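Single-structure report; data block below.
Below, the structure written as structure tokens:
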């Protein structure tokens with residue numbers, strides 16, 4: 015894990031971010047020889063964020079809603095329209111079978 019001080023960040027942020035994107039390893043930002051921040055790539059951040067349970071309730075609801083919509087769409091293409099059960103029962107009661 016690479017360590018950079020705040021001055022390096024100020025003068026060479028482009029190089030630091032380029033290295034982060036290439037290596038995908040966290041970078042420790044030091045101020046007065048003490049860690050003050052960690053730079054991580056977006057994928058690592060998302061994994062940590064979700065694993066820590068800090069995703070907002072609104073985001074979780076949105077994800078679930080999107081999944082439900084995709085399942086509805088998927089099922090709509092597969093399912094055939096079912097016959098109205100009232101009409102079917104009426105026909106069966108009156109002696110008319112499905113195949114007649």
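Numbering (our numbering), first residue to last: 15 to 114. Using N, Cα and C, we set each Cβ at its ideal position, and we do this for glycine too. Predicted model, so just to flag it, every value in this text is computed and none were measured.
Problem set entry | Where residue 49 sits in the DSSP three-state scheme | strand
Exercise. Under three-state DSSP, which class holds residue 16?
Worked result: strand
Exercise. Closest by CA to residue 40, which one among 15, 75, 98?
Worked result: 15
For this session: With DSSP collapsed to three states, give me the class of residue 43.
Result: strand
For this session: Count the CB pairs spanning the region 70 to 83 and the region 37 to 54 that are closer than 8 Å, and state whether there are at least three.
Result: no
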